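Take a look at the structure set out below.
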Amino acid sequence: MNKLKAVVVVACLAVSQLGFAQEKKMPPVDPSPMDMAYYPVMFPYVCKVKGEPGTLVARTVFSRPQKKGRPIFGNLVEYGKVWRLGANEATEIEFYRPVTIGGKSIPKGRYTLYAIPTETKWTVILNKQTDIWGSYKYESSMDIVRTDVPVAPAEEELEAFSMVFEKAPYGANLLMGWDKTQVSVPIRWTETASVPVKKPVAKK
Numbered sequence: 000m001n002k003l004k005a006v007v008v009v010a011c012l013a014v015s016q017l018g019f020a021q022e023k024k025m026p027p028v029d030p031s032p033m034d035m036a037y038y039p040v041m042f043p044y045v046c047k048v049k050g051e052p053g054t055l056v057a058r059t060v061f062s063r064p065q066k067k068g069r070p071i072f073g074n075l076v077e078y079g080k081v082w083r084l085g086a087n088e089a090t091e092i093e094f095y096r097p098v099t100i101g102g103k104s105i106p107k108g109r110y111t112l113y114a115i116p117t118e119t120k121w122t123v124i125l126n127k128q129t130d131i132w133g134s135y136k137y138e139s140s141m142d143i144v145r146t147d148v149p150v151a152p153a154e155e156e157l158e159a160f161s162m163v164f165e166k167a168p169y170g171a172n173l174l175m176g177w178d179k180t181q182v183s184v185p186i187r188w189t190e191t192a193s194v195p196v197k198k199p200v201a202k203k
């Protein structure tokens, strides 16, 4: 009888361990992987590892859907409709200091980025709601600013949706592109044509 009880206990433990192992199974690689873009560009490596002077101004977190031979704008991404700027969760941007976008002052903080693409321009939207999936729950009443930016041809066809910051007078531009299309969103934060950096401390 005791042997039977022992067998039952061992069997129950084995089943529970199997269930636990199944619950702990890692998910597959997302077909639209998440990425980040910093300004200054590659801030964690350039400033934190290499030790170059620099002050973190902005960071975007976005997913990178792939083209995979599909027509993108005007098809997969419909013209005239609010787009999450990527896939999965809506793209977010965080500012670590006050900036200006579309002539409007933006306090430092975390925001969601949307866009309404057309053939000739994108209306880029900064919205107060965060941690949003897609654009299904988008509320225009939570918009901070809308700014129109012209569409330009990408220098090369982009297989994955991409974002990168580039240095510009009085701040930076946020470049966004996919397929054969790209746009540039001016972001300003200085009154002089320079990029904020930490001045090295003079050795005594």
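Under numbering that gives the first Met the number 0, the letters of the sequence shown match residues 0 to 203, in that order. We put the beta carbon where it would ideally sit given N, CA and C, even for glycine. Since this is a predicted model, take the numbers as computed values, not measurements.
Helix, strand or coil at residue i [DSSP, three-state]
{"i": "Ser161", "result": "strand"}
{"i": "Met175", "result": "strand"}
{"i": "Ser139", "result": "helix"}
{"i": "Leu55", "result": "coil"}
{"i": "Ser204", "result": "The requested residue 204 does not occur in the structure, where the chain is confined to residues 0 to 203."}
{"i": "Ser134", "result": "coil"}
{"i": "Glu91", "result": "strand"}
{"i": "Trp121", "result": "strand"}
{"i": "Thr99", "result": "strand"}
{"i": "Tyr169", "result": "coil"}
Beta carbon of residue i nearer than 8 Å to that of residue j
{"i": "Phe94", "j": "Asp178", "result": "no"}
{"i": "Phe160", "j": "Arg63", "result": "yes"}
{"i": "Thr146", "j": "Val184", "result": "yes"}
{"i": "Met156", "j": "Gln65", "result": "In the sequence as presented, Met is not what sits at residue 156; that position holds Glu. Cβ atoms of Glu156 and Gln65: not closer than 8 Å."}
{"i": "Val81", "j": "Trp121", "result": "no"}
{"i": "Ile92", "j": "Thr54", "result": "no"}
Which listed residue (the options) has its alpha carbon closest to that of residue i
{"i": "Asp34", "options": "Asn87, Tyr169 and Val148", "result": "Asn87"}
{"i": "Tyr137", "options": "Gln128, Ile143 and Arg145", "result": "Gln128"}
{"i": "Val163", "options": "Pro26, Pro27 and Tyr37", "result": "Tyr37"}
{"i": "Val144", "options": "Ala151, Met175 and Val98", "result": "Val98"}
{"i": "Leu75", "options": "Ser139, Pro116, Gly170 and Trp132", "result": "Pro116"}
{"i": "Ser139", "options": "Arg69, Val123 and Lys107", "result": "Val123"}
{"i": "Gly102", "options": "Leu125, Gly68, Gly85 and Thr54", "result": "Leu125"}
{"i": "Asp29", "options": "Ala57, Pro39, Val40 and Gly85", "result": "Gly85"}
Residue i versus residue j - alpha carbon distance
{"i": "Tyr135", "j": "Lys24", "result": "30 Å"}
{"i": "Met175", "j": "Pro26", "result": "28 Å"}
{"i": "Arg187", "j": "Ser104", "result": "9 Å"}
{"i": "Ala153", "j": "Arg109", "result": "28 Å"}
{"i": "Glu118", "j": "Tyr78", "result": "7 Å"}
{"i": "Tyr169", "j": "Ala57", "result": "14 Å"}
{"i": "Ile131", "j": "Ala167", "result": "30 Å"}
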